[in-house]
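Visitor: Take a look at this one; I'll ask things after.
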Amino acid sequence: MNTTRQGAAVHADGIGVEGPRGWAFRAVDITAEPGTLIAVQGPSGSGRTCLLLALTGRMRITEGEATVAGLALPKRMGSVRSRTALAHVPGVADLEPALTVGEHLKERALLGPRIQGSPLASLPWGKRHKEATRARVDAALAAARLDPETLPKGLRTTVRDLERIEALRLSVALGLMHGPQLLAVDDVDLKLADAERTEAWQLLRDLTREGLTVMAAGDGAPEDALIVRTARTAAEAAEAAEAAEADPTPVQDDAHTTEEEAADAFAEAGRS
C-alpha cells in the first residue's frame with residue numbers, strides 16, 4: 001500500500017478570533033509548506049485550541065486572512081473541513097471511555113466516503129465495503145503506531161483501560177482514517193511522562209515525513225518544528241508597552257484570555 005500522504009500548505013496573515021469577552025487569539029502569522037510539523041505554543045487560555053479549530057475550518061476567523069490547501073478562510077470553511085481532521089481536542093474530538101478501541105474504529109470507518117462503483121458495494125455488509133474498511137483501519141493503526149496486540153484485550157479494550165499515550169495514538173488513528181491533508185492535535189503533552197511526550201512528538205514528526213501536514217498544540221516539540229505562538233513573548237510585550245505609552249488608547253492584553261473566554265469565542269464563531 002502506498003503510504004505517501006498529500007499534505008496541505010498553511011498560510012496565515014495576522015489572523016485572530018474574537019468572541020463576546022475579547023480575543024481568543026490574534027495577530028498570528030504562519031507560512032508552512034505541505035509536510036510541516038507546526039507546533040502551537042502558549043500558556044493555557046491563550047487560544048491554542050481556537051487556532052487549531054480556526055485553521056481546520058471549524059471556527060470562523062474574524063481578523064486577517066488564511067489559506068489551507070489553497071482554500072481561503074473563512075470563505076471556504078466547509079471545503080477546509082473536508083480536507084482536515086482533529087485529534088485529542090477536548091469537547092470536540094473526545095474518545096468515549098465506555099467504548100472499545102474496535103468500536104471507535106468501526107464507527108469512524110462507517111462515517112467515511114462511499115466506495116466508488118456499484119451502489120451495492122457501499123453497503124456495510126458488502127464484501128468490497130468490508131475489505132475497504134479493514135484496509136482503512138489497518139492503515140490508520142499502523143500510521144498511529146497502535147498495535148492492538150499490545151493492548152490488554154486487543155480491539156475489545158475500552159478507552160478507560162488505555163494508557164494516556166495509547167489513547168492519544170487511538171485519537172490520531174481516528175483522525176487519519178479518511179486521509180486528511182492536515183491533522184490538528186491538541187494537548188500533545190497532557191499528563192504524559194517525559195519519555196511518552198518524546199514518543200508522541202516523534203509520532204507526529206513521522207507523519208509529516210510521510211507528507212501529511214500536522215499542527216499540534218503542546219510543549220516539547222522537536223527542534224525542526226515550526227513554532228507558532230498564541231501569546232506574546234516578553235520582548236513583544238515590552239514593545240507593546242512602549243507603543244501603549246506613545247499612544248494611550250486602551251488595548252486588551254491578548255495573552256490573558258481565559259479558558260472561559262476562549263469557549264465563548266468558540267460559541268460565538270460557531271463550529272461544524
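Oh and the sequence shown: position 67 is 67 in the UniProt record's numbering, straight run, nothing missing.
Idealized CB from N, CA, C, for every residue including glycine.
Sorted by chain position, which residues of the same chain lie with C-beta nearer than 6 Å to Pro148's C-beta, five sequence neighbours on each side aside?
Guide: Result list for Pro148: Gly154 and Leu155, in chain order.
Visitor: Is the beta carbon of Thr84 sitting closer than 8 Å to the one on Leu212?
Guide: no
Visitor: Express the C-alpha separation of Gly91 and Val188 in angstroms, rounding to a whole number.
Guide: 15 Å
Visitor: Tell me, please, whether the segment 22-29 touches the segment 45-54 by the rule of three or more beta-carbon pairs shorter than 8 Å.
Guide: yes
Visitor: If you pair each beta-carbon of the segment 219-234 with each one of the segment 156-174, do three or more pairs fall below 8 Å?
Guide: no
Visitor: Can you tell me which of Thr31, Thr36 and Glu131 puts its alpha carbon nearest to the alpha carbon of Asp206?
Guide: Thr36
Visitor: Cα separation between Val40 and Glu63?
Guide: 19 Å
Visitor: Arg136 to His178, Cα distance in whole Å?
Guide: 8 Å
Visitor: By Cβ distance below 7 Å, which residues in the same chain neighbour Pro248 in space, the five residues on each side in sequence not counted?
Guide: Because Pro248 carries a pLDDT of 46, less than 50, the predicted location of this residue cannot be relied on, and the following value inherits that uncertainty. Annotation for Pro248: no residue places its beta carbon closer than 7 Å to its own, counting only its chain and skipping 5 residues before and after.
Visitor: Verify whether the separation of the beta carbon atoms of Leu99 and Met215 is less than 8 Å.
Guide: no
Visitor: Go through its chain and collect everything with a Cβ distance to Ala32's Cβ below 6 Å, but skip five positions before and after it.
Guide: Val10, Ile38 and Leu226
Visitor: Got a sec? Which residues, its chain only, sit under 6 Å from Gly7 by beta carbon, not counting five neighbours each side?
Guide: Pro34, Gly35, Gln181, Gly211, Leu212 and Thr213
Visitor: In whole angstroms, give me the CA-to-CA distance for Ala167 and Arg134.
Guide: 20 Å
Visitor: Mind pulling the alpha helix (DSSP H) runs of 4 or more residues that sit fully within the segment 166-215?
Guide: 194-209
Visitor: So the beta strand (DSSP E) Ala225 belongs to, where does it begin and stop?
Guide: Unbroken run through Ala225: none, as it is neither H nor E.
Visitor: What's the gap between the Cα of Pro97 and the Cα of Ser79?
Guide: When only Cα atoms are considered, Pro97 and Ser79 end up about 31 Å apart.
Visitor: Since Leu86 sits in a beta bridge, which residues does DSSP pair it with?
Guide: Under DSSP, Leu86 shares a beta bridge with Ala184.
Visitor: Measure the beta-carbon distance from Ala217 to Thr56 and round it to whole angstroms, keeping in mind my assumption that it falls under 8 Å.
Guide: About 12 Å; that fails the 8 Å criterion.
Visitor: Have a look at Ala109, Leu141, Gly102 and Ala12 and flag the residue whose alpha-carbon is nearest the alpha-carbon of Gly70.
Guide: Ala12
Visitor: Tell me the rounded alpha-carbon separation between His104 and Ala139.
Guide: 15 Å
Visitor: Could you say which of Val185, Thr157, Ile15 and Asp94 lies nearest to Glu65 if we only look at CA atoms?
Guide: Ile15
Visitor: Within a Cβ cutoff of 7 Å, which residues of the same chain sit near Thr230, ignoring the five residues on either side of it in sequence?
Guide: Phe25, Val28, Val40, Gly42, Ser46, Gly47, Arg48 and Leu51
Visitor: Please name the residue in Ala93, Arg108 and Ala221 whose C-alpha comes closest to that of Gln202.
Guide: Ala221
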